[in-house]
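Read through the structure below, which is laid out as structure tokens, and then see the notes.
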Amino acid sequence: MQNSKDSAAVHPENQRYLAFSLGAEHFAVPLLSVKEVVALPEMTRVPNTAAYFCGIMNLRGQIISVYDLRTRFGIKSEPSSENAVIIHNFPNLCFGVVVSSVDHVLSLAAGDIHEKPDFHDSQASAYITGVSHQGEKLVLLLDVVRALKLEELAASKERDVKSRNVA
Amino acid sequence: MDVQDELKSLFLEDVSDLLTDAEQAFLSLEGKKDDPETIDKIFRLAHNIKGSAKAVGFAAIGEFAHKLESLLLRIKKREIELTTECVTLLLECNDYLRSSVAALKNNEELAPDEALIGRVIAATDGKSVDVSVNHDNFVVVDLESVAAEFLNTEAAADIVALPSIPDPVSESKEPGESTESIQTRESLEQSPEQPREQKVEDRNNEQPKTRSTDAPDESIRVSLSRLEKLVDNIGELVILQTVLNENRHQLPSQFLQKTVTQLAKISKEIQDISMGLRLVPLKQTFNKMQRIVRDTANSLGKQVIFEMSGEDTELDKTVVDRLGDPLVHLVRNAVDHGLESDDQRQKEGKASQGRIKLRAYHHSGRIAIEVQDDGRGLNVDVLRNKGIERGLLSRSQSYSDQEIYNLIFHPGFSTKATVTDISGRGVGLDVVKTNIEKMLQGEVHLETKLGQGTCFRIMLPLTLAIIDGMVVRVGAERYIVPLNHVHEAVRPRQSDVRFHSGLGNIFSLRGEALPMYMLGKLLGDKAAPSRALSEDTALVVRTNNHPYAVVVDEVIGRQQVVIKKLGREIGAIKGMTGGAILGDGCAAIILDLNELVHQGVPQRKNSENRAKGAA
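The structure is reproduced here in structure tokens:
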């Protein structure tokens, strides 16, 4: 972790990513959108939500929705003490994502990032923004908002609200 | 946000305030036409808007304000007489500026209203005076008042140095200057309140007074989101503090224990203060009503005296924002339907001018807001007949007057009415009532006396940010139900609950048959029991005309909770109004039982229940 931070300092133009694992698979998200990483908190389940919605948590007085990417991708994984929640902070959107473990910070130059493989089902892979080879490992760069369909969820709920207000 | 954007958004905030002040001034101008102080003030306001609009690059607004200023200058010089039409024109200009600002806030640009501009120019040219002379004067005055505005700050020195240049270009300020205008926002904001004498006399002393002597109670603007963050963190602090306080006996030294106790007191105080930060005075909303009264009265050809009091009463910002629309409705209603026509009033021996009073005051921990007219009042007999005609009242039953008055809150009660006495009364009042009850957790009361007038009284909670909640458990999860929704909590006996396969559970409570729902089922838990167990508790809800009971596993207790927003993607799920942090630091959902019951029950069943309720 220390090493990769150093290399980022040498190449400031490099993009930094936070790498994490879901089961045995490796992913990374842009570090800029990560607010913090917290240990698995106590969560309150919320009825009538998607299966990959774990519940809400209390982050220093702020209520944050927590999603599980493993459930979303259908990855099987045993609970462990390594499990953590990555808190993402986008404009108007703050949420947590449960991951199997948080690994390290990657510093990637544009050349290190390759196009994602061309799958037939482009819909399913729309949330992969690229891939990167890290030694033996293949790391998928993730657009987490897309992966969790958060915009769609918010939009459909807002439609509900609007139609209700009209009524 | 880059610097330019920030400047712009600060400008828009400022201008909104200035426009509100301006509107106020226009209205008072109508009362006393020759008040040079008010005219001066308006002139200064228009000037401020022009100056800062140009500084941050909103040319269209700047140009419009410039034209408006020319008109005001002529009024100021008494070259144009200030008629009612003229005031109306000024108010329209004010509205136009306001909507431009609103559009700019959304990053849109409003097309210039050529017709309005034309009328302003026409009004300005009402008497032909050499325009060029006018313009020269204008520039000089311009700089003087700029200097006056910046007088109390360091910036004044730079600007006062300018007046010898009678060049219109100097109006479009340098970028550097606009930065200053931001630094001195406080003085700008307060300028309308500044005593007027200061403006001229002090002009030559460059830094005559420090801000502290000038503005005893300064304020700064803080964004609501930052404030909410602060309140969130303080809430968390208090929770941690409670944990510490409860375990203080584990601390080895008495000194530490005492410190913890003191810390508890201070934390509580900080929490109280932080709650108070969200409170804002009603003044702006009340001032808006003055305008509504004026416009409505003018269009109806009535003469109305408008009085208001208690406009300094403070309420939660959210409450104040949401109060606007219902209040507009009530005020308009009072002028339109509450007051008789001038002739009618004279016939009845009243003063021909109607009187509308808007009052706000504290009443047993809540805020009361009253809209009172001295008009015709409601006629019980007419209302009763109308109610019977519409099938809302039964002929055989006797009703209290209050029950009959409350008919006007019934949806569509008088939309079809042609009975002159109450025609129109009640249109939209149901909306007012629902909005106040639903969105503001308030109540609307009505007092009326035939021939003497009607008074609508809105009772509001001080804040929407905190509610009294009942913490209940269903299965493994805890939920919060707003306490004011729960009429009573009872433990139903098995014999009182009957199951009907068509209707579901029916609960007989003191002879009344209530539909009974299982909260677990309502929340979509298929494994939840479908019948109440003997140790379960039923919450009886009577917030609307269809009372019902909801069964929970356990009532844990009562707690004041701070309402928090849920994430956007789950925030609007039906039946959930928000989240809150419980005493032990866990997050919990605040439920809206009405909504849950409404969406959980198939439409057909619902209507049957309703039929039952009505029977």
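First to last, the protein sequences are chains R and E. If you use our numbering, the first sequence corresponds to residues -11 to 155, in order. If you use our numbering, the second sequence corresponds to residues 10 to 624, in order. The C-beta atom is built at its ideal place from N, Cα and C for all residues, glycine as well. These numbers were taken from a predicted model, which means no experiment stands behind them.
For the stretch 99 to 110 of chain E, no residue has a beta-carbon sitting nearer than 7 Å to a beta-carbon of chain R. The three-state reading of DSSP puts R393 (chain E) in helix, counting H, G and I together. Along the stretch 475 to 561 of chain E, the beta strand (DSSP E) occurs as fully enclosed runs of 3 or more residues at 475 to 483, 486 to 491, 495 to 499, 506 to 509, 513 to 518, 521 to 527, 546 to 550, 557 to 561, listed in sequence order. Any Cβ of chain R closer than 7 Å to the Cβ of E245 (chain E) would place that residue at the interface, and such an atom is present.
Annotation: the continuous beta strand (DSSP E) that includes C464 (chain E) extends over 462 to 470. Chain R has a Cβ within less than 7 Å of the Cβ of A596 (chain E).
For Q299 (chain E), the uninterrupted alpha helix (DSSP H) segment begins and ends at 292 to 309. By the neighbour-count criterion, in which a residue is buried when 16 or more other Cβ atoms sit within 10 angstroms of its Cβ, V313 (chain E) is buried. In this structure, T59 (chain R) sits away from I44 (chain R), with a CB-CB distance that is not shorter than 7 Å.
Here the alpha carbon of R577 (chain E) sits roughly 11 Å from the alpha carbon of G587 (chain E). Across the structure, N307 (chain E) and A360 (chain E) are spaced so that their CA atoms are roughly 18 Å apart.
Only residues of its own chain outside the window of five on either side were considered, and among them G437, L438, V440, V441 have a CB closer than 8 Å to the CB of H338 (chain E), listed in chain order. Residue pairing by DSSP places E316 (chain E) opposite E:K366 in a beta bridge.
Note that the C-beta distance between V481 (chain E) and V389 (chain E) is not below 7 Å. Per DSSP, reduced to three states, the secondary structure at P29 (chain R) is coil, with no helix or strand assignment. Bridge pairing for N603 (chain E): absent [DSSP].
Residues of the stretch 52 to 63 of chain R that bring their beta carbon within less than 8 Å of a beta carbon in chain E comprise I52, S53, in sequence order. It is roughly 12 Å from the alpha-carbon of R300 (chain E) to the alpha-carbon of N103 (chain E).
With respect to the 7 Å criterion, Y414 (chain E) and L455 (chain E) are classified as neighbours on the basis of their beta carbons. Against E486 (chain E), the close residues of chain R are T32, R33, in the order they occur along the chain (beta-carbon pairs closer than 8 Å).
When C-beta atoms of the stretch 329 to 336 of chain E are compared with those of the stretch 71 to 88 of chain E, fewer than three pairs fall below 8 Å, so the two segments do not count as touching. Rounded to whole angstroms, R107 (chain E) and P35 (chain R) show a C-alpha spacing of 43 Å. For Q450 (chain E), there is no enclosing beta strand (DSSP E), since its DSSP letter is neither H nor E.
Burial is judged here by how many other beta carbons sit within 10 angstroms of a residue's own beta carbon; T133 (chain E) has at least 16 and is buried. Taking C-alpha positions only, G396 (chain E) is separated from R567 (chain E) by approximately 41 Å. Nearest to R48 (chain R) by C-alpha distance, out of E:R128, E:L233, E:L246, E:I579, is E:L246. Contact of G84 (chain R) with chain E is not assigned, every C-beta pair being separated by 7 Å or more. Residue-level contact check: D562 (chain E) does not touch chain R, since none of the beta carbons of chain R fall below 7 Å from its beta carbon.
G123 (chain R) has a beta carbon lying at 7 Å or more from every beta carbon in chain E. Only those residues of the stretch 16 to 27 of chain R whose C-beta falls short of 9 Å from the nearest C-beta of chain E would be listed, and there are none. Note that the stretch 590 to 609 of chain E does not touch the stretch 510 to 519 of chain E; fewer than 3 beta-carbon pairs, one per stretch, sit closer than 8 Å. The three-state reading of DSSP puts G592 (chain E) in coil, since its state is none of H, G, I, E or B. Residue contact check for D241 (chain E) against chain R: a CB pair falls below 7 Å.
Separation of I489 (chain E) and I63 (chain R) (C-alpha to C-alpha, rounded to the nearest whole angstrom) is 34 Å.
By the beta-carbon neighbour count (other beta carbons within 10 angstroms, threshold 16), Q50 (chain R) is buried. Distance check between G533 (chain E) and each of E:Q608, E:I243, E:F264 places E:Q608 closest, using alpha-carbon atoms only.
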